[in-house]
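The structure appears below as structure tokens.
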Amino acid sequence: MSRETSRRGRRPVGALQRREARTAYLFVLPQVIGLVVFIGVPLVASLGYSFTHWDLIAPEPTLVGLDNWRALLEDPRIPAVLWNTVRFILLGTTSFLLFSMIAALVTFTPRRFVGLYRAVVFLPYVLSQIAVGVVWRWMFNTESGPITTALEAVGIPSPDWLLDPATAMLSIAIMTTWQGIGYGLTLFIAGLQGVPTPVIEAARIDGANAFQRFVRITLPLISPTVLFLTVTSLIGALQLFDPVVAMTSSGAGVAAAGGPDNSTRTIVLYMYNQLFNLNEAKSGLGYAAAIAWMLALLTFVITAVQFAIARRTVYYEGQDAGVPRLRRARKERTAR
Amino acid sequence: MRSARPLGALVAAMLAVGAALAACSASGGSDPNELRVGVWGVNSDIDSIKAAAEPFLESHPDITIRFEPTDCGPDYAACKTLLAGQNMPDVIVPGSWNYFDMVRDDILADLSPALEAAGYGVEDFTPAVIDALSTDDGQLHGLPMGYNAQSLFYNEEMFAAAGLEPPPADGSYTWDDLREWARQLTLDSAGNNADSPDFDPDDIVQWGYYNRFALVPPNEPGYGPVLASFGGGVLAGPQRDQCVLDQPETIEAFQLLQDMMLVDHSMVTPQMEQEQPGYLRWVEGQVAMQQGSHEQVPIAAEQNPDLSYDIAALPAGPAGNATLLQIHIWAAYAGSDKLDLATEFATWMATEGSGQQMGLIPAFQDRAMGPDFAEAPGEPGNLVEAQIEPAAWPLTYVNVDPSNVWAAISGQDGFAPALEDLQAGRKTAAEALSGICATIDEIIAAQE
Numbered sequence: 052m053s054r055e056t057s058r059r060g061r062r063p064v065g066a067l068q069r070r071e072a073r074t075a076y077l078f079v080l081p082q083v084i085g086l087v088v089f090i091g092v093p094l095v096a097s098l099g100y101s102f103t104h105w106d107l108i109a110p111e112p113t114l115v116g117l118d119n120w121r122a123l124l125e126d127p128r129i130p131a132v133l134w135n136t137v138r139f140i141l142l143g144t145t146s147f148l149l150f151s152m153i154a155a156l157v158t159f160t161p162r163r164f165v166g167l168y169r170a171v172v173f174l175p176y177v178l179s180q181i182a183v184g185v186v187w188r189w190m191f192n193t194e195s196g197p198i199t200t201a202l203e204a205v206g207i208p209s210p211d212w213l214l215d216p217a218t219a220m221l222s223i224a225i226m227t228t229w230q231g232i233g234y235g236l237t238l239f240i241a242g243l244q245g246v247p248t249p250v251i252e253a254a255r256i257d258g259a260n261a262f263q264r265f266v267r268i269t270l271p272l273i274s275p276t277v278l279f280l281t282v283t284s285l286i287g288a289l290q291l292f293d294p295v296v297a298m299t300s301s302g303a304g305v306a307a308a309g310g311p312d313n314s315t316r317t318i319v320l321y322m323y324n325q326l327f328n329l330n331e332a333k334s335g336l337g338y339a340a341a342i343a344w345m346l347a348l349l350t351f352v353i354t355a356v357q358f359a360i361a362r363r364t365v366y367y368e369g370q371d372a373g374v375p376r377l378r379r380a381r382k383e384r385t386a387r
Numbered sequence: 035m036r037s038a039r040p041l042g043a044l045v046a047a048m049l050a051v052g053a054a055l056a057a058c059s060a061s062g063g064s065d066p067n068e069l070r071v072g073v074w075g076v077n078s079d080i081d082s083i084k085a086a087a088e089p090f091l092e093s094h095p096d097i098t099i100r101f102e103p104t105d106c107g108p109d110y111a112a113c114k115t116l117l118a119g120q121n122m123p124d125v126i127v128p129g130s131w132n133y134f135d136m137v138r139d140d141i142l143a144d145l146s147p148a149l150e151a152a153g154y155g156v157e158d159f160t161p162a163v164i165d166a167l168s169t170d171d172g173q174l175h176g177l178p179m180g181y182n183a184q185s186l187f188y189n190e191e192m193f194a195a196a197g198l199e200p201p202p203a204d205g206s207y208t209w210d211d212l213r214e215w216a217r218q219l220t221l222d223s224a225g226n227n228a229d230s231p232d233f234d235p236d237d238i239v240q241w242g243y244y245n246r247f248a249l250v251p252p253n254e255p256g257y258g259p260v261l262a263s264f265g266g267g268v269l270a271g272p273q274r275d276q277c278v279l280d281q282p283e284t285i286e287a288f289q290l291l292q293d294m295m296l297v298d299h300s301m302v303t304p305q306m307e308q309e310q311p312g313y314l315r316w317v318e319g320q321v322a323m324q325q326g327s328h329e330q331v332p333i334a335a336e337q338n339p340d341l342s343y344d345i346a347a348l349p350a351g352p353a354g355n356a357t358l359l360q361i362h363i364w365a366a367y368a369g370s371d372k373l374d375l376a377t378e379f380a381t382w383m384a385t386e387g388s389g390q391q392m393g394l395i396p397a398f399q400d401r402a403m404g405p406d407f408a409e410a411p412g413e414p415g416n417l418v419e420a421q422i423e424p425a426a427w428p429l430t431y432v433n434v435d436p437s438n439v440w441a442a443i444s445g446q447d448g449f450a451p452a453l454e455d456l457q458a459g460r461k462t463a464a465e466a467l468s469g470i471c472a473t474i475d476e477i478i479a480a481q482e
């Protein structure tokens, strides 16, 4: 091939590619600008602020190096608020996943009014968490709340719910689960619709009972949905704020939220307190930014662990890698 | 290399956008004849401020005022975001609960020279109010728009039905008297009062008393005046840095409130408060007495015009009579580029323009005694004795503890868990407050 031919052959293609590339860049430019301006810049700025002290009153932040990060490690409240957050994950995220899946399994099969049922269950998800929190604060009222009234009507002594450090976080978890079930149900139903009916039928013919069919076929096939909901709900749980403020502040503002006896003060609530409510030497934007970055790193680690586990347990249709059980089953079938 | 070119263009575009945004935020040139005034409250509050400012505008025809609704005033956090964004109004209306936060942070201008230039002095204001706003070196970084005082609002028909004389308007009665009345005014659905052996505390239809015990807006707790009249409190001392929560007087006062809630069942509990605010229960006629400020008057007029009520000064405790004053303050932002105009306006609004602003008791000269307050139509009969005269009581105090300090002390790190134990009846006042000052002292020591 001569040089001339080569140029003639390649040039029109290269120009086209460049034009296409330019067009593509123009199309993605608004999104990239938005990403950089509203996410990238604040992200980098907040990291920068974490090395400063700024009460927002002084004209400029003061550089303090690693002081905020050191304070973070020495702050005796941090383990407590982290533990409160973990308690919410154990209670709230687990129950959200469990009850969403149960609700999806119950309503997956088309029946009369099932659409209405799903719509009703989804409805709380579109409501404001503050509004829902205020309603549930009354639901858990130990003197006049309907939950206490109902329990006492059947002779069951009611816990003190939001007044007792032992049950306050559970009360918040019940509220968030109730509000989130509709969302989880919708995604689980979408996942269940992807499970091939012939596979289930074949298993039934082979003698697998309902539990075996669910554990060995349905669950692996909807595992991407489980992974997605686990990751997103866990991230949401780490950011728990609104329900705590609505249910525990008794109208006294964010500074008073997190009770009783600090049992519901989460890491994000503490971050807010350090930014706006407290007036200690380390309080201010810098320390709050350090807390926010610690939370971001924690979220990243937890998500990375989840994805590492998912690599061995989540099955994507069409991919060779999948659930070990499926792999084993496939090997056994091949061997037969 | 070829692919780097578009990337370079992209980065350049980003920088241009960033620079444009930075330029936009930095270009804060404001109209030299326009004064920005941050206001807050319900619409009628803001309207009252606008109306009061009209004469100032008439005398300054070259000036315009932009009233900006903002939470910077009641909430210091909102001011901080405005300060960080270099977007503070020229004039703001802080409350006594965060005034010293702002003074400490040097964001309020000293209005003393402007006050002097206007021909007035501290003697022109209600002493308890102006004294509360003076700094140690005699500066005034704000002047009072007006103040609220806590009083006893009582339902006249309920008192008459129970065969009780109305509470003395001047506060010449005691907390023991009030507790006894509260029991007699608390009724179950069968009509038994709380003193009756047949009284059913699970079926109460009328409560005797409501105190804003749990629903604590910034620094304005309902238990405050009770503690003060017993000789106790939360913080004491000239620097407001001595914890007195574990003193016997404080414990005795808290125990009284707990007993009224949980032993007598005559006081609306924090749990009932969640279902419906206690002051609304009083307005609706479910509660015979409530401790509240003058803001209850327009609420009652609007929501239950037929309510037959009057007010009385708060009762005496072992230490005497006490009440809590809360001040709304005119202040000028020290960093304003129109500081002279801002201080002039703030001073004018607190003096010449005072009266009928945000429904408060005017603190300037004797305007409170005239048509701006005491002689205004629709006011309760005992207004002077119950709302104005208590400002001169020796034990009367103003909620001037900085809101950040108060938030830490009264929050979950401070005595909130003790108060929760108290309200839930898990502990007596003595048990709940035992050793609490060690915690409070640590918080005070940790303050910046």
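Residue numbers (this note's numbering), protein chains in the order written: chain X, 52 to 387; chain G, 35 to 482.
Built from N, CA and C at the ideal position, the CB exists for glycine as well.
* **First through last residue of the alpha helix (DSSP H) which encompasses X/I90** => Element bounds for X/I90: n/a, residue is neither H nor E.
* **Residues bridged to G/T208 [DSSP beta-bridge criterion]** => G/A350
* To do: Assuming G/A463 contacts X/L329 (C-beta within less than 8 Å), just tell me the rounded distance between them.
  => Wrong, their Cβ atoms sit about 27 Å apart, outside the cutoff.
* Asked: G/N438 versus chain X: which residues are under 7 Å apart at the beta carbon?
  -> N328, L329, N330
* **Length of the line joining the Cα atoms of G/G72 and G/I363** => 12 Å
* Since I believe X/T317 is in contact with X/T136 (beta carbons under 8 Å), could you give me their beta-carbon distance rounded to a whole number of angstroms? => 5 Å
* Could you tell me whether the stretch 264-282 of chain X touches the stretch 415-423 of chain G, where touching means 3 or more Cβ pairs closer than 8 Å? => no
* If you compare alpha carbons, which of G/I285, G/L394, G/T303, G/D204 is closest to G/G449? -> A small fix is needed here, since residue 449 of chain G is Phe in this sequence, not Gly. That would be G/I285, whose Cα lies nearest to the Cα of G/F449.
* What does X/P311 reach in chain G if we use C-beta pairs closer than 9 Å? -> Q446, A450, P451, E454, D455, A458
* Asked: Per DSSP, G/S301 forms a beta bridge with which residues?
  -> Ser is not the amino acid found at residue 301 of chain G; the sequence shown has Met there. G/Y243.
* Sub-8 Å separation of G/A196 and G/Q218 beta-carbons -> yes
* **CA-to-CA distance, G/A480 to X/Y338, given in whole angstroms** => 15 Å
* To do: Using a Cβ-Cβ cut-off of less than 9 Å, give me the residues of the stretch 288-301 of chain G that come near chain X, in sequence order.
  => none
* Asked: Hey, quick one: how far does the alpha helix (DSSP H) through G/A376 stretch, first residue to last?
  -> 373-384
* Do X/L221 and X/R188 come within 8 Å of each other at the CB atom, strictly closer than that value? -> no
* Asked: Within 8 Å (strictly less), CB to CB, does X/E125 reach chain G?
  -> no
* Asked: If we cut at 8 Å on Cβ distances, does X/I108 have a partner in chain G?
  -> yes
* Just tell me which of G/W74, G/M136, G/A148 has its CA closest to the CA of G/A376. => G/A148
* **Buried/exposed call for G/A60, threshold 16 Cβ in 10 Å** => Any reading at G/A60 must be qualified, since the residue scores a pLDDT of 46, below 50, and its modelled position is unreliable; the value itself is stated next. That one is exposed.
* Asked: Going straight from the alpha carbon of G/Q360 to that of G/P396, what length do you get?
  -> 12 Å
* Could you list which residues in chain X have their beta carbon closer than 9 Å to that of G/Q220, in chain order? => Per the sequence shown, residue 220 of chain G should be read as Thr rather than Gln. Those do not exist, as G/T220 stays about 15 Å from chain X at its closest Cβ, beyond 9 Å.
* Asked: Can you name the start and end residues of the alpha helix (DSSP H) that X/W229 belongs to?
  -> 219-244
* Minimum Cβ-Cβ distance from G/A60 to chain X less than 8 Å -> The pLDDT assigned to G/A60 is 46, lower than 50, so where the model puts this residue is not dependable, and the model offers no usable value.
* Determine the closest residue to G/F288 out of G/D455, G/A152, G/T98, G/Q240, with distance taken between C-alpha atoms. => G/D455
* Less than 7 Å between the CB of G/I126 and some heavy atom of the ligand GDP, yes or no? -> Among the components of this structure there are no ligands whatsoever, and the ligand GDP is therefore not found.
* Closer than 9 Å at the beta carbon, the chain G residues around X/T193 -> Q305, A458
* Go ahead and pull the three-state DSSP assignment for G/Y133. => helix
* **Residues of the stretch 222-242 of chain G whose Cβ lies closer than 7 Å to any Cβ of chain X, in chain order** => none
* Mapping DSSP to helix, strand and coil, what is G/C277? -> strand
* **Assigned secondary structure, G/L359 (DSSP; H/G/I helix, E/B strand, else coil)** => strand
* Below-8 Å beta-carbon distance, X/D211 vs any chain G residue -> yes
* With distances taken Cα to Cα, identify the nearest neighbour of G/N260 among G/G351, G/A410, G/V127, G/A143. => Residue identity differs from the one stated: residue 260 of chain G is Val in this sequence, not Asn. Nearest option by C-alpha distance: G/G351.
* **Cutoff 7 Å; reference G/D81; Cβ partners in own chain excluding five residues on either side** => none
* Asked: Is there contact between the stretch 463-479 of chain G and the stretch 356-364 of chain X, where contact requires at least three CB pairs shorter than 8 Å?
  -> no
* What residue ranges within the stretch 134-172 of chain X form continuous alpha helix (DSSP H) runs of no fewer than 4 residues, ordered along the chain? -> 145-159
* Pull up the CB-CB distance for G/A408 and G/A346, whole angstroms please, since I reckon it's below 8 Å. => That pair is no contact at about 15 Å.
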